[in-house]
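Taking it in order: structure first as structure tokens, then the write-up.
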């Protein structure tokens with residue numbers, strides 16, 4: 027059934043005041059929409075800071091289009107540094123619902139936008155083409171687990187990603203722990219993804235500051251979603267938070283940006299690299315498509331580029347893995363260390379080891395662990411590791 031839906035872009039009053047003082051922001055948005063919105067969609071400027079979008083198409087088509095429009099517009103504003111003057115919220119619904127969104131209070135508009143984003147994510151991720159359904163929500167805070175990352179050339183379990191436990195794992199009593207991969211979970215959190223990134227940063231900082239020498243020799247991944255990176259308000263919240271902690275803790279942290287597009291703009295990469303590279307031990311950039319544009323990473327000074335295989339269906343995995351492995355030599359020539367996450371089987375891990383992959387993680391390396399251990403050499407025959415070699419380092423998976 028064809029559907030007519032509206033999407034409105036709205037800023038808070040404080041951001042609108044900023045936009046009034048920096049009119050280039052509104053002109054940038056207006057100009058972008060005028061050049062990019064094409065049939066079957068059309069847009070109309072409702073107020074100086076709000077726009078409506080109409081389109082005659084199926085519900086899935088409008089959902090997909092809105093999701094793409096958000097990403098494209100945020101990339102445009104980030105790449106031109108126009109995001110310093112405001113933050114855009116997206117919403118879709120009936121005429122009456124959109125009218126409320128445009129005219130209501132800032133707080134209510136944010137609530138409506140967040141609720142819409144959650145529904146949009148659920149609709150786009152519950153189709154038959156998606157490898158796994160969205161995570162089951164939990165009441166309160168999820169427990170945190172640890173996923174080991176293998177430094178392949180040296181056979182060293184080098185660092186850990188801190189991952190959220192699944193609802194099913196938290197509520198059963200058999201002791202088997204399961205986690206949600208970080209890319210999926212950040213997408214599931216949507217507008218609230220930056221809150222999880224801040225939680226992980228704070229958790230790791232606490233572990234490093236309160237732990238003994240064993241803990242301070244450990245290295246951890248701090249996740250940041252690509253959308254949080256682009257959203258000016260989220261990015262500023264993340265940066266403001268890290269500066270509330272001692273500088274030295276970030277030397278034990280790898281900042282990893284998840285769910286990045288295969289062809290990001292070079293201006294986006296250069297700006298991100300300039301802002302974040304000096305702040306962390308290393309920078310990792312994660313993609314879900316092996317057909318990525320390699321040339322845009324020239325001069326970015328990233329440490330690694332990770333191919334995230336978690337979202338691939340079983341019949342897609344080997345073809346996608348082969349494509350990425352064919353590009354590892356070129357990545358290494360650019361001083362970009364190739365990495366793969368979501369490695370499920372020993373056969374996949376062996377391919378990684380034989381084709382120059384530097385970092386690998388997934389079920390074939392370690393299970394979702396209740397605690398972590400400092401960097402240590404391991405024997406491949408001992409993989410996958412179901413428990414840390416050194417236990418009880420003062421960690422608490424619920425902290």
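In my numbering, the protein residues as written are 27 to 425. Where is the CB? At the ideal position from N, CA and C, for every residue including glycine.
| query | result |
| --- | --- |
| Closest residue to residue 76 among 127, 102 and 220 (Cα-Cα distance) | 127 |
| Assigned secondary structure, residue 407 (DSSP; H/G/I helix, E/B strand, else coil) | helix |
| Residue nearest to residue 245 in terms of C-alpha spacing, selected from 190, 307, 197 and 257 | 307 |
| Residue 243 versus 374, 216, 398 and 69, residue with shortest Cα-Cα distance | 398 |
| Sheet register partners of residue 279 (DSSP bridge) | 246 |
| Residue 290 versus 276, 148, 273 and 326, residue with shortest Cα-Cα distance | 326 |
| Distance, residue 358 Cα to residue 208 Cα | 25 Å |
| Candidates 97, 343 and 138: closest to residue 62 by CA position | 97 |
| Inter-residue Cα distance where the pair is residue 395 and residue 95 | 38 Å |
| At least 3 beta-carbon pairs within less than 8 Å: the region 324-343 vs the region 365-377 | yes |
| Contact belief for residue 191 with residue 203 at Cβ below 8 Å, rounded distance in angstroms | 6 Å |
| Segments of 3+ residues assigned as beta strand (DSSP E) that fall wholly inside the region 272-323 | 279-286 and 308-313 |
| Burial state of residue 186, where buried means 16 or more other Cβ atoms lie within 10 Å | buried |
| Beta-carbon contacts of residue 90 that lie in its chain and below 8 Å, excluding the five residues immediately before and after | 150 |
| Own chain, CB closer than 7 Å to residue 377, minus 5 neighbours either side, in chain order | 347 and 351 |
| Alpha-carbon spacing of residue 139 relative to residue 67, whole angstroms | 21 Å |
| As assigned by DSSP and simplified to three states, the class of residue 330 | strand |
| Cβ pair residue 235, residue 282 closer than 7 Å | no |
| Bridge partners - residue 182, DSSP secondary structure assignment | 177 and 403 |
| Residues that residue 363 bridges to, as DSSP identifies them | 330 |
| C-alpha distance - residue 336 paired with residue 375, whole-angstrom precision | 14 Å |
| Beta-bridge pairing of residue 200 - partner residues as DSSP gives them | Residue 200 pairs with nothing; no bridge assigned. |
| Under 7 Å between C-beta atoms of residue 303 and residue 309 | yes |
| Coarse secondary structure for residue 114, derived from DSSP in three states | coil |
| Residue 72 (DSSP reduced to helix, strand or coil) | strand |
| Straight-line Cα distance separating residue 215 from residue 144 | 8 Å |
| Among 84, 410, 219 and 102, the one whose alpha carbon lies nearest that of residue 58 | 102 |
| Proximity test, residue 233 beta-carbon vs the ligand GDP heavy atom, cut-off 6 Å | Absent from the structure shown: the ligand GDP. Ligands present: none. |
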